[in-house]
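Q:
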């Protein structure tokens with residue numbers, strides 16, 4: 002994406018959507034959230050699971066299978082997204098992981114610089130003015 006008016010976050014969101022579409026076929030997430038804090042980039046793909054994956058995730062065993070499938074798929078195919086992130090941010094990606102929350106269908110991709118990342122998906126959203134201080 003060469004549009005200079007696009008923010009880095011918007012460019013990363015577009016790259017993540019394109020990556021997800023290539024990786025899974027036609028299914029695209031409903032929305033994408035990109036957060037960069039110091040050396041950690043977290044991309045959350047909202048409602049990213051297909052209807053079949055959501056149905057499978059209703060049982061604990063099925064949810065575990067969907068989670069493992071997405072972890073492996075991400076591990077084996079994230080190089081192109083890593084390259085896009087480097088192109089957009091100018092920074093090398095040292096580590097990357099993906100976690101799936103099967104009940105909401107969210108896929109969280111974290112790209113870190115050797116730190117421990119704990120991701121908590123909240124049931125709602127906090128108002129920006131109360132969050133930022």
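Residue numbers (my numbering): 2 to 134.
Ideal Cβ placement from N, Cα and C applies to all residues, glycine included.
Keep in mind it's a predicted model, so treat the numbers as computed, not measured.
1. If you count every other CB in all the chains shown that lies within 10 Å of the CB of residue 106, and 16 or more means buried, which is it?
2. Any chance the segment 77–84 sits against the segment 14–32, with 3 or more Cβ pairs inside 8 Å?
3. Can you give the Cα-Cα distance for residue 66 and residue 15, rounded to whole angstroms?
4. Helix, strand or coil for residue 58? Go by DSSP, reduced to three states.
5. If we call anything under 8 Å between Cβ atoms a contact, is residue 18 one with residue 35?
6. Once the 5 residues before and after residue 43 are set aside, which same chain residues still bring their CB inside 6 Å of it?
7. State the Cα-Cα distance for the pair residue 11 and residue 89, rounded to the nearest angstrom.
8. On the premise that residue 101 lies in contact with residue 94, defined as a C-beta separation below 8 Å, what is that separation, rounded to the nearest angstrom?
9. Under three-state DSSP, which class holds residue 47?
10. Report the rounded CA-to-CA distance for residue 134 versus residue 41, giving the unit in angstroms.
11. Can you check which of these residues, 59, 31, 71, is closest to residue 47 by C-alpha distance?
12. By Cβ distance below 6 Å, which residues in the same chain neighbour residue 54 in space, the five residues on each side in sequence not counted?
13. How is the beta strand (DSSP E) around residue 34 delimited, first residue to last?
14. Between residue 7 and the rest of its own chain, which residues show a CB-CB distance below 8 Å, the 5 nearest in sequence each way excluded?
A: Checking against the coordinates, here is how it stands:
1. Translated into the one-based positions of the chain shown, residue 106 becomes position 105. Burial call: buried.
2. yes
3. Stepping through the chain shown from its first residue, residue 66 is reached at position 65. Stepping through the chain shown from its first residue, residue 15 is reached at position 14. Looking at the two C-alpha atoms, the distance is approximately 27 Å.
4. Locating residue 58 in the chain shown gives position 57, counting from the first residue. Residue 58 falls in the coil class under three-state DSSP.
5. For the purposes of this step, residue 18 is taken as residue 17 along the chain shown, with counting starting at 1. For the purposes of this step, residue 35 is taken as residue 34 along the chain shown, with counting starting at 1. Going by C-beta atoms, residue 18 is not nearer than 8 Å to residue 35.
6. As a working note, residue 43 is residue 42 in the chain shown. Contacts found: 36, 111.
7. Walking along the chain shown from the start, residue 11 turns up at place 10. Walking along the chain shown from the start, residue 89 turns up at place 88. The alpha-carbon atoms of residue 11 and residue 89 are separated by roughly 10 Å.
8. One-based indexing of the chain shown puts residue 94 at position 93. One-based indexing of the chain shown puts residue 101 at position 100. With a Cβ gap of about 20 Å, residue 94 and residue 101 do not count as contacting.
9. Within the chain shown, the letter at position 46 stands for residue 47. Three-state result, residue 47: strand.
10. Locating residue 134 in the chain shown gives position 133, where the first residue counts as 1. Locating residue 41 in the chain shown gives position 40, where the first residue counts as 1. Legend: pLDDT at residue 134 = 47, less than 50; position of this residue unreliable, no value from coordinates given.
11. Residue numbering aside, residue 47 sits at position 46 when the chain shown is read from its first letter. Answer by Cα proximity: 31.
12. Your numbering for residue 54 matches position 53 in the chain shown. 67.
13. Looking up residue 34 in the chain shown gives position 33. Start and end: 32–38.
14. For the purposes of this step, residue 7 is taken as residue 6 along the chain shown, with counting starting at 1. Result list for residue 7: 15, in chain order.
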